[in-house]
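Quick note on numbering: this note's numbering labels position 278 of the sequence shown as 296, and the sequence is numbered without any gaps. Ideal Cβ positions, reconstructed from N, Cα and C, are used throughout, including at glycine. Keep in mind it's a predicted model, so treat the numbers as computed, not measured. All remarks here apply to the structure that follows.
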Amino acid sequence: MKVWKGMLLLLLVFSVPFSALAEGGEVEVLHWWTSGGEAAAAAVLKEMLEEEGHVWKDFAVAGGGGDAAMTVLKSRAVAGNPPAAAQVKGPQIQLWGEEGLLTSLDDVARAEKWDEFIPKAIADIMKYDGNYVAVPVNVHRVNWMWINPEVFAKAGAEIPTTWAEFAEAAEKIQAAGFIPVAWGGQDWQEATVFEMIVAGVGGTDFYVKALVEADSEALGSSTMVEALKTLRMIKQYTDVGAPGRDWNLATSMVIRGEAAMQFMGDWAKGEFTAAGQEPDVDYIAVPAPGTSHQFLFNVDSFIMFKVRDPKDQEAQKKMAGLILQPEFQEIFNLNKGSIPVRVGMPEEPFDAVARRSMKDFLAGAESGDLVPSMAHEMAVMPAIRGAFLDVVTHFYNNPALSAEDAAEILANVVKASW
Ligand code: GAL
Numbered sequence: 019m020k021v022w023k024g025m026l027l028l029l030l031v032f033s034v035p036f037s038a039l040a041e042g043g044e045v046e047v048l049h050w051w052t053s054g055g056e057a058a059a060a061a062v063l064k065e066m067l068e069e070e071g072h073v074w075k076d077f078a079v080a081g082g083g084g085d086a087a088m089t090v091l092k093s094r095a096v097a098g099n100p101p102a103a104a105q106v107k108g109p110q111i112q113l114w115g116e117e118g119l120l121t122s123l124d125d126v127a128r129a130e131k132w133d134e135f136i137p138k139a140i141a142d143i144m145k146y147d148g149n150y151v152a153v154p155v156n157v158h159r160v161n162w163m164w165i166n167p168e169v170f171a172k173a174g175a176e177i178p179t180t181w182a183e184f185a186e187a188a189e190k191i192q193a194a195g196f197i198p199v200a201w202g203g204q205d206w207q208e209a210t211v212f213e214m215i216v217a218g219v220g221g222t223d224f225y226v227k228a229l230v231e232a233d234s235e236a237l238g239s240s241t242m243v244e245a246l247k248t249l250r251m252i253k254q255y256t257d258v259g260a261p262g263r264d265w266n267l268a269t270s271m272v273i274r275g276e277a278a279m280q281f282m283g284d285w286a287k288g289e290f291t292a293a294g295q296e297p298d299v300d301y302i303a304v305p306a307p308g309t310s311h312q313f314l315f316n317v318d319s320f321i322m323f324k325v326r327d328p329k330d331q332e333a334q335k336k337m338a339g340l341i342l343q344p345e346f347q348e349i350f351n352l353n354k355g356s357i358p359v360r361v362g363m364p365e366e367p368f369d370a371v372a373r374r375s376m377k378d379f380l381a382g383a384e385s386g387d388l389v390p391s392m393a394h395e396m397a398v399m400p401a402i403r404g405a406f407l408d409v410v411t412h413f414y415n416n417p418a419l420s421a422e423d424a425a426e427i428l429a430n431v432v433k434a435s436w
């Protein structure tokens, strides 16, 4: 009888998942990390949370840049049923804070001393009314150009550092039978390239005036006209398959050697990494033309919604704490292509691209060239960003609209949505 009881107990122990045994809670996590590199990075967080005995309920909403995910999040919140955690970034964290739906993470922040290793500028974005309501994950640099060196070599082209050099290189690449630029024809991707151009063509002060302060004079200026003309100039070097193309499919065109380059943030590096490619061997990453000293930053973060069950609350806090642990910061960012948001992390595990990012981040903070990304929700509230995206994509896709008229529309429309 005793033997039977013992066996029954053993059976029970092995058939119950570890999480349930540990009586952990559950965190439903809304995110948009579905590409190869992104999914590998998200899996790190899931595994670590599950190792702690909690359950990760995956709520992935595909769509680069996260616009689809934000729409879904709003409808869940309106229905009174938001997920426990959601990937939400930048100034809009304040909007969620105002709704009164967020859990304060202050106790975790205090216990783990977040203020000691999160750069103040980033910590401020994570706080609502002085309290931590979001946890930052990483720092992405937006203004990168991803290059297939073999294609460049076959075409006899040089890596460009200015837009004039870009046009020269693109001509040679096209003549050699390759697609010069792998283009993802979606509004947020077009805005991503647009903002790199604005930074390069206009300089940092102009970037801030136009895309952070949404200053009508800057938006309607001849510098803006030049930036828009540059954006349009690139179009002739893209392929007919560009409209609607996802960013990671564009990256794979560069990986496969179909296209010579892509302008994209360093989440693209996650795709090269997932494909087993190495920087300076299989691909080269350099800042977009004219932006070598600038760092357009994009910080991913999670907000946590109030949940009732104490076990679920515990799981949420655990997840928030894990995100800033050195071990997570290292493995996650290696997969994601970004750099740790936690300062003081060792550089050794990171490759040359990440190290350059780390260096340029600090230098940019010193010189004033560290600026928030408009396209990636770091600079302005969603309504203004939406206005930017609409005009930029409309201009890019409508040859009949002149750069002069588009700049004027930008100045008016953005002002109206301020
Ligand atoms: C960005 C986000 C990144 C990224 C990219 C493409 O807005 O910050 O984490 O993966 O979108 O989906």
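Rounded C-beta distance between residue i and residue j? I'm assuming under 8 Å.
i, j, result
"Val317", "Met396", "7 Å"
"Val90", "Val79", "5 Å"
"Glu213", "Leu237", "Actually they are not in contact, since the Cβ atoms of Glu213 and Leu237 sit about 13 Å apart, beyond 8 Å."
"Phe281", "Val211", "5 Å"
"Leu407", "Asp205", "4 Å"
"Leu119", "Ala95", "7 Å"
"Ser270", "Glu289", "7 Å"
"Ile321", "Trp114", "6 Å"
"Lys247", "Ala97", "Incorrect: roughly 45 Å between the Cβ atoms, too far for contact."
"Ala217", "Thr309", "5 Å"
Give a single yes or no on whether residue i has its beta carbon closer than 6 Å to a heavy atom of the ligand GAL.
i, result
"Glu56", "yes"
"Gly220", "no"
"His394", "yes"
"Asn351", "no"
"Trp285", "yes"
"Asn316", "yes"
"Gly118", "no"
"Gly339", "no"
"Gly174", "no"
"Gly98", "no"
"Gly404", "no"
"Gly71", "no"
"Gly83", "yes"
Quick one, are the C-beta atoms of residue i and residue j less than 7 Å apart?
i, j, result
"Ala245", "Val219", "yes"
"Glu56", "Lys75", "no"
"Ala286", "Ile273", "no"
"Trp181", "Pro307", "yes"
"Asp133", "Asn149", "no"
"Ser391", "Val157", "no"
"Asp257", "Ile215", "no"
"Val169", "Gly259", "no"
"Ser375", "Ile357", "yes"
"Val325", "Ala102", "yes"
"Trp191", "Ile302", "In the sequence under discussion, the amino acid at residue 191 is Ile, which differs from the Trp named in the question. No; because the gap between Cβ atoms is not below 7 Å, this pair is not in contact."
"Gln105", "Tyr146", "no"
"Ala188", "Tyr255", "yes"
"Trp265", "Gly404", "no"
"Ser234", "Ala429", "yes"
"Lys336", "Glu70", "yes"
"Val410", "Ala200", "no"
"Pro109", "Met399", "yes"
"Val153", "Ala333", "no"
"Trp162", "Asp330", "no"
How is the beta strand (DSSP E) around residue i delimited, first residue to last?
i, result
"Phe281", "Ala277 to Phe281"
"Phe315", "Phe313 to Asn316"
"Ala306", "It is not in any beta strand (DSSP E) - Ala306 carries neither H nor E in the DSSP assignment."
"Pro390", "Leu388 to Pro390"
"Met322", "Ser319 to Met322"
"Gln105", "Ala103 to Gln105"
Compare the C-beta of residue i with all C-beta atoms of chain D and state if any pair is closer than 7 Å.
i, result
"Glu183", "Of the chains in the structure shown, none is chain D; there is only one protein chain."
If you follow the alpha helix (DSSP H) that residue i is part of, which residue opens it and which one closes it?
i, result
"Pro400", "Pro400 to Asn415"
"Pro328", "Pro328 to Ile341"
"Val379", "The residue you asked about is not Val; residue 379 is Phe in the sequence shown. Counting along the chain, the alpha helix (DSSP H) containing Phe379 begins and ends at Ala370 to Ser385."
"Val434", "It is Ala, not Val, that sits at residue 434 in the sequence shown. Start and end: Ala421 to Ala434."
"Ala286", "Ala286 to Ala292"
"Ala397", "Careful: Ala397 lies outside any alpha helix (DSSP H) and carries neither H nor E."
"Thr269", "Trp265 to Arg274"
"Gln112", "Gln110 to Glu117"
"Glu348", "Pro344 to Lys354"
Can you list, in chain order, the stretches of the beta strand (DSSP E) that have 3 or more residues and sit fully within the segment 120-163?
152-154 and 156-159
Which runs of the beta strand (DSSP E) spanning at least 3 residues fall entirely within the segment 161-249, listed in chain order?
162-165 and 197-199
Counting only runs of 4+ residues fully inside the segment 47-88, write out the alpha helix (DSSP H) ranges in chain order.
54-69
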